[in-house]
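The structure appears below as structure tokens.
Numbering (full-length UniProt numbering), first residue to last: 1 to 597.
What follows is the structure, given as structure tokens:
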């Protein structure tokens with residue numbers, strides 16, 4: 001029996017509760033229960049029992065071999081699964097043998113019991129997976145070097161004959177290759193899989209009608225990060241979800257919280273336990289149905305929220321094949337983020353820091369919008385790159401979740417940054433983030449400052465406010481400059497746009513201003529740039545972890561899914577500074593980083 005307190009750095013059992021049993025007698029049953037009491041539900045159960053035939057025709061020896069080799073495996077699985085000792089998504093590895101596949105004339109009872117273990121595994125696996133996402137597999141090693149049994153075998157006068165018979169001439173396997181095979185099954189084993197270990201090879205064994213055997217070469221696997229330090233909380237039976245039941249920009253009136261059974265996971269899907277969710281100005285556009293056009297009414301009810309960070313709690317077989325693991329920290333940009341748990345396609349998962357944090361969720365919609373809009377829409381580059389000159393960059397609503405990143409990225413790339421905000425506290429934050437000129441529109445007129453201090457205009461305008469702010473910006477755009485329309489937050493709750501449509505806006509003289517200056521105005525909508533999420537998010541994480549990019553999180557705390565309405569209202573009030581975040585999980589485990597995403 002092993003605890004999760006002292007794993008090797010590359011082990012697949014880091015922060016998992018593992019139980020290795022050599023039997024399932026009354027002692028074994030008590031040991032299982034005692035282990036769960038101490039460490040929590042089991043993540044990995046390895047039934048590792050195996051003894052030889054003993055004296056030929058000795059009934060007592062035969063019964064003992066059947067009891068240890070087969071019945072103990074069956075009893076361990078039954079005890080663990082019927083008493084809720086296995087965590088949802090756990091891995092069960094039953095130790096069979098190549099003797100269960102190829103005849104062993106010198107050990108017929110042993111071979112028969114190991115063949116039975118394989119068939120028990122193949123028969124039981126679909127049941128366990130359907131009930132609780134538990135993946136049961138069978139491991140079939142040949143005779144193995146550097147083990148007590150292997151060493152004893154080599155001393156037998158007929159050792160060479162026995163090894164040749166049991167391995168079809170392949171010889172003994174290394175202990176490392178067997179350990180590696182166990183890690184393969186624990187991490188990405190498919191329910192019912194039979195993995196054969198022979199020297200230099202792992203073979204997924206298939207029977208008639210199932211296709212050809214699949215052979216891989218054992219490698220030193222490093223899929224499990226060393227920073228996973230604590231067992232994951234047990235999954236509850238139900239999840240809570242904020243649902244939109246009425247189309248309205250009034251978030252509280254539009255939504256309700258429902259409770260529903262925890263989803264079952266299959267195929268390419270994973271279950272994500274959400275730790276933090278981000279709040280965005282566009283949340284009220286979403287509840288008003290503005291992103292769905294004429295389909296909005298027919299889609300009711302639908303889940304709210306756009307972004308979250310958390311960790312994987314259950315993995316479908318196809319997702320497991322892609323290398324997704326339980327405990328892996330992930331980010332999601334999917335509708336339905338205002339929920340305690342969510343079902344996400346594994347190919348839609350995004351990287352996340354370890355452990356999931358408010359800062360990590362801020363890098364999603366907010367960080368990605370700033371990075372992608374500046375680079376792909378405004379075509380802004382670091383000064384000197386491909387001849388890029390130093391430009392004047394204006395960021396409106398600069399102290400918000402998105403504006404803070406636009407200010408910093410433009411500054412990091414060597415440009416002159418002008419930032420607008422509505423309070424002295426926000427102005428101080430922007431100076432701390434590196435803005436060269438901060439305009440508090442409560443004390444100064446933005447248009448007048450731009451006209452007076454930037455007579456040649458502003459080259460790049462990152463505009464999120466709309467209305468009068470948009471007019472002031474377009475009147476001061478430079479020749480050949482660009483206004484990137486990120487949003488129009490001042491109009492989201494305006495008349496005429498409550499359900500399904502956008503608030504109407506009019507800007508007399510806009511065409512003439514753009515024409516005269518040879519300037520342009522271009523809209524930016526994050527979802528159109530999904531293929532670039534991962535690369536930009538990785539760069540944002542790199543800048544943040546290196547200390548170059550700061551993340552400002554609004555100081556007001558919102559805890560629990562019940563606080564979603566208050567969090568949205570706080571953002572819409574204009575009083576927030578930095579990213580508004582909802583803490584969804586009371587316990588955020590110190591899960592590790594997986595570089596595969």
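Every residue gets a Cβ at the ideal spot worked out from N, C-alpha and C, and that includes glycine.
Between residue 483 and residue 477, which are expected to be in contact by the criterion C-beta below 8 Å, what is the C-beta distance as a whole number of angstroms? A Cβ-Cβ distance of about 6 Å is found for the pair residue 483 and residue 477, placing them in contact under the 8 Å criterion.
Considering only residues of the region 82-146, which uninterrupted beta strand (DSSP E) runs meet the minimum length of 3 residues and lie entirely inside it, listed in chain order? 86-95 and 135-141
Going by beta-carbon coordinates alone, are residue 117 and residue 73 separated by less than 9 Å? yes
Is the separation between the beta-carbon of residue 303 and that of residue 278 shorter than 9 Å? no
Looking at the unbroken beta strand (DSSP E) that takes in residue 51, where does it start and where does it end? No beta strand (DSSP E) holds residue 51; DSSP gives it neither H nor E.
Whole-number beta carbon distance between residue 345 and residue 306, since they are thought to touch under 8 Å: 16 Å between Cβ atoms; not a contact.
Report yes if the CB atom of residue 583 is closer than 9 Å to the CB atom of residue 236, and no otherwise. Annotated as distal: residue 583 and residue 236, with beta-carbon spacing of 9 Å or more.
Own chain residues within Cβ distance below 6 Å of residue 490, not counting five before or after: 465, 466 and 467
Would residue 222 be called buried (16 or more neighbouring beta carbons within 10 Å of its own) or exposed? Model confidence at residue 222 stands at a pLDDT of 43, short of 50, so the residue's coordinates are unreliable and nothing is read from them.
Give a yes or no on whether the C-beta atoms belonging to residue 580 and residue 570 are separated by under 9 Å. Closer than 9 Å, so yes.
By Cβ distance, which residues of its chain are closer than 6 Å to residue 251, with the 5 residues on each side in sequence left out? 284, 287, 565 and 568
For residue 338, does the count of other Cβ atoms within 10 angstroms reach 16, so buried, or fall short, so exposed? buried
Alpha carbon of residue 120 to alpha carbon of residue 298, nearest angstrom: 48 Å
Can you name the residues that DSSP bridges to residue 482? Per DSSP, 460 and 520.
For the 8 Å Cβ check, are there 3 or more pairs between the region 316-331 and the region 367-376? no
Taking the beta carbon of residue 545 as the centre, do at least 16 other beta carbons fall within 10 Å, making it buried, or is it exposed? exposed
Please state the DSSP three-state secondary structure of residue 283. helix
Which same chain residues, not among the five before or five after residue 314, have their C-beta less than 8 Å away from its C-beta? 88, 89, 133, 235, 265, 270, 271 and 326
Residue 364 and residue 331 - do their beta-carbons sit closer together than 9 Å? yes
For residue 162: DSSP bridge partner residues: DSSP output for residue 162 lists no bridge partner at all.
Range of the contiguous alpha helix (DSSP H) that encloses residue 370: For residue 370, the enclosing alpha helix (DSSP H) begins and ends at 368-372.
Could you check if residue 341 is buried or exposed, using at least 16 other CB atoms within 10 Å of its CB as the buried criterion? Around the CB of residue 341, 16 or more other CB atoms lie within 10 Å, so the residue is classed as buried.
Does DSSP put residue 473 in a helix, a strand or coil? helix
Smallest Cα separation from residue 329: which of 69, 44, 588 and 58? 588
State buried or exposed for residue 96, treating a residue as buried only when at least 16 other CB atoms are found within 10 Å of its CB. buried
Tell me the DSSP bridge mates of residue 273? Partner(s): 311 and 341.
Rounded separation between residue 599 and residue 425 - CA only: Outside the displayed span of the chain (1 to 597) sits residue 599, for which this structure offers no information.
Residue 544 lies in the alpha helix (DSSP H); which residues open and close that run? 533-545
If you run the structure through DSSP and keep just helix, strand and coil, what is residue 381? coil
Anticipated Cβ contact below 8 Å, residue 377 with residue 398, distance rounded: Going by Cβ atoms, the distance from residue 377 to residue 398 rounds to 18 Å, so no, they are not a contact pair.
So which of 67, 123, 144 and 562 has the shortest CA-CA distance to residue 135? Cα-wise, what sits closest to residue 135 is 123.
When the Cα atoms are used, what is the spatial distance from residue 402 to residue 383? 22 Å
Nearest-angstrom Cα separation, counted from residue 543 out to residue 549: 5 Å
Residue of 447, 430 and 423 minimising C-alpha distance to residue 440: 423
Would DSSP call residue 566 helix, strand or coil? helix
Measuring alpha carbon to alpha carbon, tell me which of 289, 393 and 356 ends up nearest residue 246. Checking every option, the nearest Cα to that of residue 246 belongs to 289.
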